[in-house]
Amino acid sequence: MDAKKLAGEKAIEFVKNDMIVGLGTGSTVYWAILKIGGLVKQGLRIKGVPTSIQTEQLANELGIPLVGLSSINQIDLTIDGADEANEEFELIKGGGGALLREKMVASISKRMVVVMDETKYVPNLGKFPLPVEITQFGWEMTRRQISALGCEPALRLKDNIPFITDNGNYILDCHFGEILDANKLNQTLNMIPGVVENGLFVNMADTMVIGNRNGHVDIFYKS
Ligand SMILES: O=C(CO)[C@H](O)[C@H](O)COP(=O)(O)O
Numbered sequence: 043m044d045a046k047k048l049a050g051e052k053a054i055e056f057v058k059n060d061m062i063v064g065l066g067t068g069s070t071v072y073w074a075i076l077k078i079g080g081l082v083k084q085g086l087r088i089k090g091v092p093t094s095i096q097t098e099q100l101a102n103e104l105g106i107p108l109v110g111l112s113s114i115n116q117i118d119l120t121i122d123g124a125d126e127a128n129e130e131f132e133l134i135k136g137g138g139g140a141l142l143r144e145k146m147v148a149s150i151s152k153r154m155v156v157v158m159d160e161t162k163y164v165p166n167l168g169k170f171p172l173p174v175e176i177t178q179f180g181w182e183m184t185r186r187q188i189s190a191l192g193c194e195p196a197l198r199l200k201d202n203i204p205f206i207t208d209n210g211n212y213i214l215d216c217h218f219g220e221i222l223d224a225n226k227l228n229q230t231l232n233m234i235p236g237v238v239e240n241g242l243f244v245n246m247a248d249t250m251v252i253g254n255r256n257g258h259v260d261i262f263y264k265s
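Position one of the sequence shown corresponds to residue 43 (the numbering used here), numbered consecutively onward.
And the structure:
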């Protein structure tokens, strides 16, 4: 069983006519976007808000009408993946490098449904290195300031050169060990000049759709 596919496809139950829908990035939400594309062809009326250039291209190929953040103030529902999630509905995101746009979209979403396979649901965040998007300007200085918080940030590379985000920035992957106070770390990181955004999503997700290898899908709602 493809647990990511199960979760992604299940999540489209939350999509209704006339919604503005945040379209996340990654290999799990891919399955949701594919299904949404199919439903749009059958007459579903939605407008999508893409969280990356990759998702924008996919949505265009599928004929999903899109709208940009410049012309909306609120999104009805966002479906997105995660690299880790805990029972507090706190997330680490940004494994695909789209964390800034993902967080901006999530921040104006009335509801955020997170789709993942069972391996992503963990007791404590932090095994997955936390992605932090930083400006290219002065990036070594920013890295030193983040290291002082107690981690060894690694500049993300792609094909042996620095990975550049859709926004023209770098990403540092930061191993902090177990993150027991995600809210505090989120705020501390974002206070560092040069940090554009970090991959901790706190108080954003309210629904988790978790696909299991045995074919079962769990849905958790934040109370
Ligand atoms: O945050 C993300 C991209 O920036 C993704 O949602 C996250 O990396 C999970 O991806 P996948 O569903 O491919 O495992």
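From the three backbone atoms N, C-alpha and C, an ideal C-beta is built for every residue, glycine too.
Take residue i and list the residues in its own chain whose beta-carbon comes closer than 7 angstroms to its own, dropping the five residues that flank it on each side.
i	result
residue 61	88, 118 and 119
residue 106	78, 79, 82 and 90
residue 304	No answer is possible for residue 304: it lies beyond the span of the chain, which begins at 43 and ends at 265.
residue 69	46
residue 217	171, 193 and 194
Just to confirm my understanding: we take residue i, look at its own chain, exclude 5 residues before and 5 after, and list those with CB closer than 8 angstroms. What are they?
i	result
residue 184	176, 177, 214, 234, 235, 236 and 237
residue 212	175, 176, 177, 178, 181, 197, 198, 204, 205 and 206
residue 109	62, 89, 90 and 91
residue 153	56, 118, 119, 120, 248 and 249
residue 232	239 and 240
Provide the residue(s) that pair with residue i in DSSP beta bridges, ordered along the chain.
i	result
residue 174	214 and 240
residue 253	159 and 259
residue 124	Per DSSP, none; premise fails for residue 124.
residue 204	199
residue 154	120
With 16 other CB atoms within 10 Å as the buried threshold, where does residue i fall?
i	result
residue 122	buried
residue 95	exposed
residue 103	exposed
residue 190	exposed
residue 265	exposed
residue 129	exposed
residue 226	exposed
residue 72	buried
residue 114	exposed
residue 51	buried
residue 200	exposed
residue 257	exposed
Between which two residues does the beta strand (DSSP E) harbouring residue i extend?
i	result
residue 263	259–263
residue 63	61–65
residue 88	88–92
By Cβ distance, which residues of its chain are closer than 6 angstroms to residue i, with the 5 residues on each side in sequence left out?
i	result
residue 126	134, 162, 164, 167 and 170
residue 241	134, 135, 136, 141, 172 and 173
residue 219	168
residue 59	87
residue 244	132, 224, 225 and 228
Got a sec, what are the start and stop residues for the alpha helix (DSSP H) residue i sits in?
i	result
residue 82	71–83
residue 147	141–149
residue 47	45–52
residue 233	Here residue 233 belongs to no alpha helix (DSSP H), and DSSP marks it neither H nor E.
residue 188	181–189
residue 95	95–104
Shorter than 6 angstroms, the distance from the beta carbon of residue i to the closest heavy atom of ligand 2, or not?
i	result
residue 195	Because ligand 2 does not appear in the structure shown, any question about it cannot be addressed here, the ligands present being ligand 1.
* Name all residues in chain order for which at least one heavy atom of ligand 1 lies closer than 5 angstroms to the residue's CB. => Result (chain order): 67, 68, 69, 70, 123, 125, 135, 136, 137, 138 and 140.
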